[in-house]
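**Q** Dropping a structure here in structure tokens format, bear with me for questions.
Chains as they are written, first to last, in my numbering: chain A, 27 to 278; chain B, 85 to 363.
Rendered as structure tokens:
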């Protein structure tokens with residue numbers, strides 16, 4: 027059974043179709059990337075899965091269960107999302123503790139105190155951070171909180187929308203390492219949206235390349251090592267990302 | 085090399101702290117710039133943008149700028165009256181900002197904004213101004229300048245918006261361009277186009293360039309020389325093509341933390357920080 031399954035999915039905003047005929051399967055425990063430029067529809071696919079873009083056709087399944095067209099509480103227990111901008115995705119007047127316990131309260135989960143402590147430890151923040159506000163945190167710390175907020179419901183699938191593109195390279199490395207560790211420890215399935223191909227090379231097993239609302243190619247992450255893409259658009263994207271000239275070996 | 089285009093000695097930018105002291109966000113930065121392309125790299129908070137802004141005297145009180153020398157084409161920028169400074173900004177030194185969506189005037193057409201930049205420094209007749217604007221738009225590879233000149237910023241794409249910004253900054257023919265993260269708001273495929281274009285214009289006109297970015301690869305590709313900044317100081321200066329041989333542990337740490345296209349490492353090395361802080 028695949029963790030995420032899309033069949034002939036078309037998505038529209040106010041009647042204007044923006045994504046066409048997208049089909050792919052992500053196996054349980056797999057890390058799958060959607061890559062492409064702005065406007066290629068990659069984030070829209072995530073929105074459709076979570077019910078934030080309700081105008082879609084075709085079928086979407088999560089762990090064998092069909093997904094409805096609205097935000098769905100039971101689905102939220104299995105699928106959680108981490109957004110791009112940690113400055114915009116955390117409520118500025120809620121403490122870290124409030125953000126985390128709110129998710130538990132909504133789903134009627136008890137033992138909140140212990141769960142909050144555990145999840146903070148999991149994302150590498152110690153307890154001093156529990157009662158801080160977002161403006162008292164750095165970008166990387168905020169993104170850790172955003173990841174903790176997603177993880178606290180113990181989902182099985184994480185949707186990651188450009189989770190590190192607003193961060194510095196050294197902080198990006200820490201967050202990528204964290205995401206990689208959490209996937210192994212919790213047996214999570216990742217669907218990662220990014221325009222950064224090296225990040226895919228580090229984090230993912232396979233990728234779908236999107237252009238103008240369509241998936242033009244599904245390729246293994248290993249294609250990034252040798253540039254063995256078949257679609258001209260994917261090749262172009264690979265070359266524009268610096269893939270055409272291999273980096274010197276002495277870079278470590 | 086004779087007189088450098090820009091000479092910066094012991095530049096210091098400080099801001100007051102809550103306990104009444106001052107914190108130096110730029111702390112003794114020195115460099116000379118000829119008609120070359122200099123890259124300044126560093127993480128957020130390293131002081132790289134503040135360095136760029138200090139050169140143009142764009143730091144407002146309570147921020148304070150001090151330097152033992154800050155001279156542009158032999159002119160001392162620290163003592164220049166604000167009125168003279170205003171004629172210098174844009175005309176002789178100009179700056180491309182990060183995000184065209186926030187730096188362009190949303191209620192003015194692209195053509196009028198570019199014309200305004202030109203008129204502020206070079207009074208020309210209407211027809212001549214318009215001709216220069218269209219010529220500049222063509223120079224930034226906008227194919228139908230007549231149409232684009234009549235558009236508002238929200239009607240153009242990010243890449244085109246940034247080309248408009250570059251047109252606006254280069255139309256008074258400055259001798260130094262400071263570009264602060266000029267492409268970080270753009271897509272990868274468009275980034276290369278915009279930087280290639282900027283590079284052509286800078287080299288074609290024999291200008292100096294300061295490219296400020298957190299992206300090491302990008303700076304290495306488009307500059308001759310690189311300053312690496314950390315916590316307000318220059319930790320290393322090197323030739324761009326030798327960036328991979330950088331010595332300083334901070335630079336090496338930064339280089340190593342970037343995922344590569346041919347990634348095989350199970351974990352990325354990170355810079356040393358105190359545990360539990362989880363930057």
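Positions of the beta carbon are idealized from the N, C-alpha and C atoms, including for glycine.
I need the DSSP call for residue 115 (chain B), collapsed to helix, strand or coil.
**A** What you label residue 115 (chain B) is simply residue 31 of the second chain in a count that begins at 1. Strand at residue 115 (chain B).
**Q** Using a C-beta to C-beta distance shorter than 7 Å, which residues of chain A count as neighbours of residue 301 (chain B)?
**A** The residue you call residue 301 (chain B) lines up with position 217 of the second chain. Those within 7 Å of residue 301 (chain B) in chain A are 268.
**Q** Could you work out which residue in A:185, A:142 and A:115 is closest to residue 72 (chain A) when comparing CA atoms only?
**A** Indexing the first chain from 1 puts residue 72 (chain A) at position 46. Answer by Cα proximity: A:185.
**Q** Looking at the structure shown, is residue 91 (chain A) part of a helix, part of a strand, or coil, going by DSSP?
**A** Translated into positions along the first chain, residue 91 (chain A) becomes position 65. Strand.
**Q** Do residue 35 (chain A) and residue 48 (chain A) have their C-beta atoms closer together than 8 Å?
**A** Numbered from its first residue, the first chain carries residue 35 (chain A) at position 9. Numbered from its first residue, the first chain carries residue 48 (chain A) at position 22. Yes, these two residues count as a Cβ contact at 8 Å.
**Q** State the DSSP-derived secondary structure class of residue 260 (chain A), mapped to helix, strand or coil.
**A** Taking the first chain and counting its residues from 1, one reaches residue 260 (chain A) at position 234. Three-state result, residue 260 (chain A): helix.
**Q** Go through its chain and collect everything with a Cβ distance to residue 359 (chain B)'s Cβ below 6 Å, but skip five positions before and after it.
**A** Stepping through the second chain from its first residue, residue 359 (chain B) is reached at position 275. Per-residue confidence for residue 359 (chain B) stands at a pLDDT of 41, beneath the threshold of 50, marking its modelled position as unreliable; the derived number appears in the next sentence. None.
**Q** In the stretch 99 to 118 of chain B, which residues sit with their C-beta less than 7 Å from some C-beta in chain A, listed in chain order?
**A** none
**Q** Buried or exposed: where does residue 323 (chain B) fall if 16 or more other Cβ atoms within 10 Å of its Cβ makes it buried?
**A** The count along the second chain starts at 1 and reaches residue 323 (chain B) at position 239. Residue 323 (chain B) is exposed by the Cβ-count criterion.
**Q** Starting from residue 166 (chain B), trace the beta strand (DSSP E) both ways and give me its first and last residue.
**A** Position 82 of the second chain, counted from the start, is the residue given in the question as residue 166 (chain B). No beta strand (DSSP E) contains residue 166 (chain B), which is instead part of the alpha helix (DSSP H) from 166 to 172.
**Q** Distance check for residue 125 (chain A) and residue 256 (chain A), CA to CA, integer angstroms please.
**A** For the purposes of this step, residue 256 (chain A) is taken as residue 230 along the first chain, with counting starting at 1. For the purposes of this step, residue 125 (chain A) is taken as residue 99 along the first chain, with counting starting at 1. Roughly 44 Å between the two C-alpha positions.
**Q** Tell me, which residues are paired with residue 364 (chain B) by DSSP?
**A** Nothing about residue 364 (chain B) can be read from this structure; chain B reaches only from 85 to 363.
**Q** Measuring only between beta-carbons, confirm whether residue 278 (chain A) sits less than 8 Å from chain B.
**A** Taking the first chain and counting its residues from 1, one reaches residue 278 (chain A) at position 252. With a pLDDT of 34 at residue 278 (chain A), under the threshold of 50, the modelled position of this residue cannot be trusted; read the value that follows with caution. At least one chain B Cβ lies under 8 Å of residue 278 (chain A).
**Q** Within the 8 Å Cβ cut-off, does residue 273 (chain A) reach chain B?
**A** Mapped onto the first chain, residue 273 (chain A) falls at position 247. The predicted position of residue 273 (chain A) is uncertain, since its pLDDT is 47 and thus under 50; no value can be drawn from it.
**Q** Does the contact criterion of 3 or more C-beta pairs under 8 Å hold for the stretch 179 to 198 of chain A versus the stretch 103 to 112 of chain A?
**A** yes
**Q** If I measure Cβ to Cβ from residue 251 (chain B) and keep anything under 6 Å in the same chain, skipping five residues before and after, which residues do I get?
**A** Taking the second chain and counting its residues from 1, the one referred to as residue 251 (chain B) is at position 167. When the five nearest sequence neighbours on each side are left out, the beta carbons in the same chain lying within less than 6 Å of the beta carbon of residue 251 (chain B) are those of 198, 220, 221 and 224, in order along the chain.
**Q** Less than 6 Å between C-beta atoms, sequence neighbours within five positions excluded: which residues of the same chain meet that for residue 85 (chain B)?
**A** Here residue 85 (chain B) corresponds to residue number 1 of the second chain, with the count starting at 1. Confidence at residue 85 (chain B) is low in this model, with a pLDDT of 49, below 50, so the placement of that residue should be treated as unreliable; the coordinate-derived value is given next. Only 118 meet the Cβ criterion.
**Q** Do the stretch 138 to 148 of chain B and the stretch 85 to 101 of chain B meet, that is, are 3 or more Cβ pairs less than 8 Å apart?
**A** yes
**Q** Answer with yes or no whether the minimum CB distance from residue 337 (chain B) to chain E is below 8 Å.
**A** Structure shown: chain E not included; protein chains present are A and B.
**Q** For chain A, find out if any of its Cβ atoms is closer than 8 Å to the Cβ of residue 347 (chain B); answer yes or no.
**A** Within the second chain, the letter at position 263 stands for residue 347 (chain B). Chain A contact via Cβ: present.
**Q** Cutting at 6 Å between CB atoms, please list the residues of its own chain near residue 267 (chain A), excluding the five before and the five after it.
**A** On the first chain, residue 267 (chain A) is found 241 positions in, with the first residue counted as 1. Excluding positions up to five away in sequence, the list reads 223.
**Q** Across which residues does DSSP place residue 123 (chain B) in a beta bridge pair?
**A** Along the second chain, read from residue 1 onward, the residue named residue 123 (chain B) stands at position 39. In the DSSP output, where bridge partners are listed per residue, residue 123 (chain B) has B:295 and B:310.
**Q** For residue 115 (chain A), I'd like the list of residues in its chain whose CB is within less than 7 Å of its CB, leaving aside the five on either flank, ordered along the chain.
**A** Position 89 of the first chain, counted from the first residue, corresponds to residue 115 (chain A). Cβ neighbours of residue 115 (chain A) beyond the five flanking positions: 109 and 172.
**Q** By how many angstroms is the C-alpha of residue 259 (chain B) removed from the C-alpha of residue 290 (chain B)?
**A** Residue numbering aside, residue 290 (chain B) sits at position 206 when the second chain is read from its first letter. Residue numbering aside, residue 259 (chain B) sits at position 175 when the second chain is read from its first letter. Each residue's alpha carbon lies about 8 Å from the other.
**Q** Residues of chain B with a CB under 8 Å from the CB of residue 194 (chain A): which are they?
**A** Translated into positions along the first chain, residue 194 (chain A) becomes position 168. Here the neighbours are 127, 128 and 298.
**Q** Looking at the unbroken beta strand (DSSP E) that takes in residue 216 (chain A), where does it start and where does it end?
**A** To locate residue 216 (chain A), count along the first chain from 1; it is residue 190. It spans 215 to 220 - the beta strand (DSSP E) in which residue 216 (chain A) sits, taken as one unbroken run.
**Q** How would you call residue 228 (chain A), buried or exposed, if buried means at least 16 neighbouring beta carbons within 10 angstroms?
**A** Here residue 228 (chain A) refers to the residue found at position 202 of the first chain. By the 10 Å Cβ count, residue 228 (chain A) comes out buried.
**Q** Does the beta-carbon distance from residue 331 (chain B) to residue 320 (chain B) come in below 8 Å?
**A** Counted from its first residue, the second chain places residue 331 (chain B) at position 247. Counted from its first residue, the second chain places residue 320 (chain B) at position 236. Yes, these two residues count as a Cβ contact at 8 Å.
**Q** Which residues bound the alpha helix (DSSP H) around residue 269 (chain A)?
**A** Stepping through the first chain from its first residue, residue 269 (chain A) is reached at position 243. From DSSP, residue 269 (chain A) is part of no alpha helix (DSSP H); its letter is neither H nor E.
**Q** What first and last residue would you give for the alpha helix (DSSP H) that runs through residue 251 (chain A)?
**A** Taking the first residue of the first chain as 1, we reach residue 251 (chain A) at position 225. For residue 251 (chain A), the enclosing alpha helix (DSSP H) has its first and last residue at 249 to 252.
**Q** Express the C-alpha separation of residue 156 (chain A) and residue 266 (chain B) in angstroms, rounding to a whole number.
**A** Your numbering for residue 266 (chain B) matches position 182 in the second chain. Your numbering for residue 156 (chain A) matches position 130 in the first chain. Spanning the two alpha carbons is a distance of roughly 37 Å.
**Q** Alpha carbon to alpha carbon, how far is residue 159 (chain A) from residue 114 (chain B)? Give it in angstroms, no decimals.
**A** Start at 1 with the first residue of the second chain, and residue 114 (chain B) comes out as number 30. Start at 1 with the first residue of the first chain, and residue 159 (chain A) comes out as number 133. So the alpha carbons of these two residues sit roughly 38 Å apart.
**Q** Quick check on residue 227 (chain B): does DSSP put it in helix, strand or coil?
**A** Indexing the second chain from 1 puts residue 227 (chain B) at position 143. If DSSP states are grouped into helix, strand and coil, residue 227 (chain B) belongs with coil.
**Q** At a CB distance below 7 Å, what residues from the stretch 222 to 255 of chain A approach chain B? Give them in sequence order.
**A** 223, 224, 225, 227, 228, 250 and 251
**Q** Between which two residues does the beta strand (DSSP E) carrying residue 182 (chain A) extend?
**A** The residue given as residue 182 (chain A) occupies position 156 in the first chain. Counting along the chain, residue 182 (chain A) falls outside any beta strand (DSSP E), and DSSP gives it neither H nor E.
**Q** Which residues does DSSP pair with residue 320 (chain B) in a beta bridge?
**A** The count along the second chain starts at 1 and reaches residue 320 (chain B) at position 236. Residue 320 (chain B) pairs with B:312.
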